[in-house]
């Protein structure tokens, strides 16, 4: 059974904190992605990575950074959390070879 | 610029009625089109993709390049079809799996 696992289902952080969201996949996929999901806006791409130590900005990278030190792990970092970053965050992985992408269960982040 | 539009936020139908969830797209190239579904408290999962040309759970979707549409259809809705549906496109090659999603349509099938 394919697996994309996000470290937390729910997270509450204070404004200004540095926040780490972790994602691990066990399918040896090259590509990994972070999206945020907001009602009425769908999913929007924050960052993605084609390979270890490689990253590219998506559509809404401001306020975020990422780290991919190992192939199976892709971390999303909120350098200084703000209330407008309260959202559901979804991680995904794929081979990039004409196969489907698989999503994690999501992390509901609330910044207070 | 790439864009996916789902005009309906909510679609309510009765069990057994036909369903059509609309999706229009714009993309400068030849995209791959997908429908993803998210059932309550479950993760987002692939429903179908246009290149497969298959029917999943009774759903079909035809890519109309002239109208740049990829509408999702099912002739007889079931209560278990109630979920959030997202239309998505991705590029090809290096950009495969880099999705642009629509805003989603919530399908509610009433008994």
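Residue numbers (our numbering), protein chains in the order written: chain A, 1 to 112; chain B, 113 to 223. Glycine included, C-beta positions come from ideal geometry on N, C-alpha and C.
With a cut-off of 8 Å on the beta carbons, I'd call residue i and residue j a contact; round off their distance for me.
i	j	result
residue 32 (chain A)	residue 48 (chain A)	7 Å
residue 195 (chain B)	residue 151 (chain B)	5 Å
residue 90 (chain A)	residue 37 (chain A)	6 Å
residue 138 (chain B)	residue 114 (chain B)	7 Å
residue 51 (chain A)	residue 30 (chain A)	6 Å
residue 80 (chain A)	residue 13 (chain A)	Rounded, the Cβ-Cβ distance is 10 Å, inconsistent with contact.
residue 66 (chain A)	residue 34 (chain A)	7 Å
Would you decide whether residue i is buried or exposed? Buried here means 16 or more other CB atoms lie within 10 Å of its CB.
i	result
residue 222 (chain B)	exposed
residue 163 (chain B)	exposed
residue 197 (chain B)	buried
residue 171 (chain B)	buried
residue 103 (chain A)	buried
residue 122 (chain B)	exposed
residue 167 (chain B)	exposed
residue 144 (chain B)	buried
residue 211 (chain B)	buried
residue 214 (chain B)	buried
residue 59 (chain A)	exposed
residue 165 (chain B)	exposed
residue 217 (chain B)	buried
residue 200 (chain B)	buried
residue 124 (chain B)	exposed
residue 10 (chain A)	exposed
residue 112 (chain A)	exposed
residue 161 (chain B)	buried
residue 74 (chain A)	buried
residue 129 (chain B)	exposed
residue 174 (chain B)	exposed
residue 118 (chain B)	buried
residue 193 (chain B)	buried
Note down, in chain order, every chain A residue with its Cβ under 7 Å from the Cβ of residue i.
i	result
residue 216 (chain B)	42
residue 158 (chain B)	100
I want to verify the contact list: residues of chain B whose CB lies under 8 Å from the CB of residue i, in sequence order.
i	result
residue 79 (chain A)	None at all; the shortest Cβ gap to chain B is about 24 Å.
residue 74 (chain A)	None at all; the shortest Cβ gap to chain B is about 13 Å.
residue 45 (chain A)	210, 211, 212
Who are the neighbours of residue i on chain A, taking C-beta pairs under 8 Å?
i	result
residue 133 (chain B)	Chain A residues near residue 133 (chain B): none, gap ~13 Å exceeds 8 Å.
residue 121 (chain B)	40
Could you list which residues in chain A have their beta carbon closer than 9 Å to that of residue i, in chain order?
i	result
residue 155 (chain B)	4, 90, 102, 103, 104, 105, 106
Just list the alpha helix (DSSP H) runs in the stretch 35-101 of chain A, keeping only unbroken ones of 4 residues or longer that don't cross its boundaries, in chain order. none
Counting only Cβ-Cβ distances shorter than 7 Å, please list the residues of the stretch 190-201 of chain B near chain A, keeping chain order. 198
Identify each residue in the stretch 89-109 of chain A for which the Cβ-Cβ distance to at least one residue of chain B is less than 9 Å, and report them in chain order. 90, 92, 93, 94, 95, 96, 97, 98, 99, 100, 101, 102, 103, 104, 105, 106
Segments assigned beta strand (DSSP E), at least 3 residues, entirely inside the stretch 127-163 of chain B: 131-133, 136-138, 144-150, 157-161
Run through the stretch 159-197 of chain B for me and flag every whole beta strand (DSSP E) of 3 or more residues, listed as ranges in chain order. 184-186
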